[in-house]
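A quick write-up on the structure given underneath.
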Amino acid sequence: MNRNILIIDDEVEILHSLQRQFRRKYNVLTCSDPKEAIIMMKEHDIQVVISDQRMPELSGVELFGILKESHPDTIRLLLTGYTDIEAVIDAINHGSIYRYIQKPWNSIELEAILNEAFEKYDLIHTNRNLMLKLKQHNKELDQKVKERTEELEKINQNLEILNSEKNTFIRTAAHDLRNPIGVAASMANLIALEINSLPQNLQIEYLNIIEERCDYSLNLINNLLDISKIESGQLDIAAESIDYKDLIQKTIEFNRIFAKLKNIEIKTDYYDDPIIAMLDKQRIEQVLTNLVSNAVKYSYPDSQVIVKVSRKGAMLRTTVIDSGIGINEEEHKGLFTPFYKASSRPTGGETSTGLGLAIVKKIVTEHGGSVGFRSKPGTGSEFWFDLPQ
Ligand SMILES: Nc1ncnc2c1ncn2[C@@H]1O[C@H](COP(=O)(O)OP(=O)(O)OP(=O)(O)O)[C@@H](O)[C@H]1O
Ligand SMILES: [Mg+2]
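Just so you know, we're using the numbering used here here: the sequence shown kicks off at 129 and counts up by one.
Structure below.
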């Protein structure tokens with residue numbers, strides 16, 4: 129560490145004598161004009177200043193008054209005779225000087241005072257650095273607390289949104305279940321009450337309604353269970369290498385029964401033979417079934433549905449194309465959201481819970497893939513999903 133002393137005295141003898149005494153231990157700078165001392169203080173890193181009190185233009189106490197403002201950490205020592213005692217006491221009271229040394233001084237005593245002055249300087253300096261560091265830490269801490277609070281507020285807001293979405297979900301599910309179960313219950317009641325008088329054809333009609341409402345409820349419950357399983361992260365994707373054409377064929381066979389009722393033909397269009405893909409067989413079958421059943425459900429009789437498999441960069445794209453009723457453009461943004469039903473309704477009285485596409489999107493996303501669609505009212509729709517290969 130630097131050990132610099134500035135000594136100011138208009139008597140050159142005194143300057144020389146002090147310089148001689150301390151030059152081996154400290155870096156001693158001297159000057160005989162207090163005004164010049166103010167400039168030197170700016171130019172050098174001075175830790176201790178010793179000044180004579182009696183100087184023609186500026187007294188030592190006056191000089192220290194100025195230095196106290198410009199260099200508060202510097203230790204100021206005054207050299208003075210008995211006659212100036214009042215000015216010295218005043219300066220001490222104002223904190224302008226640290227110690228005063230009486231002329232003529234005792235060398236050993238002065239050396240001890242200087243040692244003490246440097247120790248004092250080091251203490252002040254270290255304290256100031258610590259304070260600065262503390263302030264900086266406090267500032268950083270404040271910033272961190274602010275950022276963390278903002279993060280938590282955001283998380284909280286998202287949780288509130290999630291909670292409200294969940295409530296809407298439960299309300300809609302309960303509402304959608306109450307209707308069919310209510311209808312089935314009252315039909316069953318009617319049959320039970322009038323079992324002897326009700327004509328058989330009406331009984332069959334009511335039983336058919338009960339069966340159809342039960343199918344709907346069962347479908348809805350299965351879909352709800354799937355969604356909750358996916359949402360709670362319980363849907364483990366067990367991807368395996370499979371013959372994708374086989375899986376599609378199997379799914380189509382299953383849906384052909386419903387398609388036949390409307391005389392809808394399901395065709396395929398493959399880019400290669402065979403197509404080997406890494407996927408969860410059961411889950412992707414569910415995706416395909418949802419898309420193919422939608423295509424059949426929202427198509428007019430005597431039409432065609434095509435399942436096409438193509439490559440899209442590194443992805444395997446599966447597109448289900450229909451020439452059915454299509455979806456209005458303003459309704460596009462609602463698709464893939466649970467319980468969303470567009471104004472396009474099933475053409476053959478099939479059930480519609482509004483959960484199929486939401487499940488499709490979740491399963492495909494879990495596979496690391498994405499979904500998309502294109503649809504025009506009156507022309508038809510194309511729904512696709514891309515899976516990594
Ligand atoms: N291929 C399509 N053509 C026309 N509209 C469609 C088609 N696919 C979906 N939609 C519209 O999007 C809505 C949401 O479809 P989604 O498959 O999620 O539910 P859903 O078919 O109504 O019921 P489910 O849960 O039984 O599948 C449908 O109600 C329908 O209005
Ligand atoms: Mg559907």
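Where a beta carbon is used, it is the ideal one built from N, C-alpha and C, also for glycine.
- Looking at the DSSP output, Ala405 bridges to Ile370.
- In the structure shown, the three-state DSSP call for Thr465 is coil.
- Within the same chain, and ignoring the five residues on either side of Asp212 in sequence, the residues whose Cβ sits closer than 6 Å to its Cβ are Gln181.
- Burial is judged here by how many other beta carbons sit within 10 angstroms of a residue's own beta carbon; Thr208 has at least 16 and is buried.
- For Pro162, the secondary structure class from DSSP, reduced to helix, strand or coil, is helix.
- With a threshold of 16 other beta carbon atoms within 10 Å, Ser224 meets it and is buried.
- Straight-line spacing of the CA atoms in Ser325 and Glu339 works out to 22 Å.
- Ile487 is positioned such that its CB atom lies no closer than 8 Å to that of Gln410.
- According to DSSP, Asp450 shares a beta bridge with Val433, Ser509.
- Cβ-Cβ distances below 6 Å link Asp354 to Ile487 in the same chain, with the five nearest sequence neighbours on each side left out; the list follows chain order.
- DSSP places Leu335 in the uninterrupted alpha helix (DSSP H) bounded by 328 to 359.
- For the pair Glu139 and Glu197, the Cα-to-Cα distance works out to about 26 Å.
- About 5 Å separates the beta carbon of Ile394 from that of Ile380, a gap short enough to meet the 8 Å contact definition.
- Rounded to whole angstroms, the gap between the alpha carbons of Asp400 and His495 is 22 Å.
- Residue selection by CB proximity (closer than 7 Å to any heavy atom of ligand 2) returns Asn418, Ser421, Asn422, Lys425, Ser480, Gly484, Leu485 in chain order.
- Only residues of its own chain outside the window of five on either side were considered, and among them Ile133, Gln147, Phe150 have a CB closer than 6 Å to the CB of Val156, listed in chain order.
- For Pro516, the three-state secondary structure derived from DSSP is strand.
- Burial check for Arg341: the Cβ neighbour count within 10 Å reaches 16 or more, so the residue is buried.
- Shown here, Leu206 sits in a strand according to DSSP, grouped into three states.
- If you ignore the 5 residues before and after Arg131, its C-beta comes within less than 8 Å of the C-beta of Lys153, Tyr154, Asn155, Gln175, Phe246, all in its own chain and listed in chain order.
- Close CB contacts of Ser369 within its chain, under the 8 Å cut and outside five residues either way in sequence, are with Ile404, Ala405, Met406 (chain order).
- Out of Glu190, Ser145, Ile365, the CA that lies nearest to the CA of Ile166 is found in Glu190.
- Under the three-state reduction of DSSP output, Gln230 falls in the strand class.
- If you check the C-beta of Lys469 against ligand 1, you find a heavy atom less than 7 Å away.
- For Gly484, the enclosing alpha helix (DSSP H) has its first and last residue at 484 to 494.
- For Asp450, the distance from the CB to the nearest heavy atom of ligand 1 is below 7 Å.
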